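S.K.: Quick note: the sequence shown uses numbering that gives the first Met the number 0, first residue 0, plus one each step.
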Amino acid sequence: MGSAPKFNSLPTDKVLVEQIKNHDEEAFEKLFRRYYSGLHRFLWGYVANNQIAEDLVQEVFVRVWENREELNPAEKIKTYIYKVGRNLAIDHSRHKKVVREWEEEKKALRNVFVLEKKIDDRLHKKLMLKKVKQAIEGLPEKRRVIFILSRYEGMTYKEIAEKLDISVHTVDTQIYRALKTLRDKFSAFL
């Protein structure tokens with residue numbers, strides 16, 4: 000009569016934990032294979048990303064190995080593994096939320112800075128225009144009139160000369176002197 004077939008019985012979680020506490024890497028590998036896919040699905044439910052769920056599973060088992068000496072064979076290792084995984088997934092989600100909020104805050108700050116710069120630029124332009132007007136008003140009367148006719152009225156030098164009954168050369172000289180005065184006054188801003 001033949002002997003009864005031998006069944007290759009799988010070690011219990013308790014036995015695996017005892018072996019892992021004694022630095023048994025093969026037992027650790029068996030535990031990993033036993034819980035990998037279920038833990039992966041569980042964590043995917045939190046993070047909805049396959050790669051992140053996989054990374055979290057890896058982190059769970061790194062922690063199991065790092066804390067192997069504190070494991071208690073009398074306690075369910077599955078509960079411990081899932082609890083660590085859940086906490087890591089929650090931490091990941093919190094971190095992701097903080098990062099997202101920080102990115103939104105940075106974007107809002109950039110928008111504020113852009114808006115402030117636009118306002119500063121407008122104020123600067125207004126201030127510069129006011130100073131330019133004051134500088135033009137400070138020109139001698141004949142020079143100011145010639146400059147305004149040229150730059151604001153768009154008249155040619157010949158038209159200005161005819162209108163004011165002066166030579167084109169005088170118009171040219173007065174425009175040159177007006178521009179030199181303005182350049183000298185505003186050279187620091189240019």
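Every residue gets a Cβ at the ideal spot worked out from N, C-alpha and C, and that includes glycine. Keep in mind the model is a prediction, meaning the values are calculated, not measured.
According to DSSP, is Ala107 part of a helix, a strand, or is it coil?
M.R.: Reduced to three states, the DSSP call for Ala107 is helix.
S.K.: Are the stretch 75-90 and the stretch 43-51 touching, with three or more C-beta to C-beta distances below 8 Å?
M.R.: Judged by Cβ distances under 8 Å, the stretch 75-90 makes contact with the stretch 43-51, as three or more pairs qualify.
S.K.: Is Leu70 helix, strand or coil when you go by DSSP?
M.R.: Coil, per DSSP.
S.K.: Whole angstroms is fine: what's the gap from Lys13's alpha carbon to Asn48's?
M.R.: For Lys13 and Asn48, the distance between alpha carbons rounds to 32 Å.
S.K.: For the alpha helix (DSSP H) holding Ser36, just list the boundary residues, first then last.
M.R.: Ser36 -> alpha helix (DSSP H) spans Glu24 to Val46.
S.K.: Less than 8 Å between C-beta atoms, sequence neighbours within five positions excluded: which residues of the same chain meet that for Ile118?
M.R.: Excluding residues within five positions, none has a Cβ falling inside 8 Å.
S.K.: Could you check if Ser149 is buried or exposed, using at least 16 other CB atoms within 10 Å of its CB as the buried criterion?
M.R.: The residue in question, Ser149, is buried, as its Cβ has 16 or more Cβ neighbours within 10 Å.
S.K.: Would you kindly work out how many angstroms separate the C-alpha atoms of Glu24 and Glu65, rounded to a whole number?
M.R.: Taking the straight line joining both Cα atoms gives about 12 Å.
S.K.: Please name the residue, chosen from Thr180, Phe185, Met154 and Leu181, that lies closest to Val170 on a Cα-to-Cα basis.
M.R.: Checking every option, the nearest Cα to that of Val170 belongs to Met154.
S.K.: Which residue wins for smallest C-alpha separation from Met127, given the options Phe185, Glu136, Glu158 and Arg32?
M.R.: Checked all of Phe185, Glu136, Glu158 and Arg32; the closest Cα to Met127 is Phe185.
S.K.: Taking 8 Å as the threshold (C-beta atoms), are Arg142 and Arg176 in contact?
M.R.: Yes, the pair counts as a contact, with Cβ atoms nearer than the cut-off.
S.K.: From which residue to which residue does the alpha helix (DSSP H) around Thr155 run?
M.R.: That residue, Thr155, is in no alpha helix (DSSP H); it is neither H nor E in DSSP.
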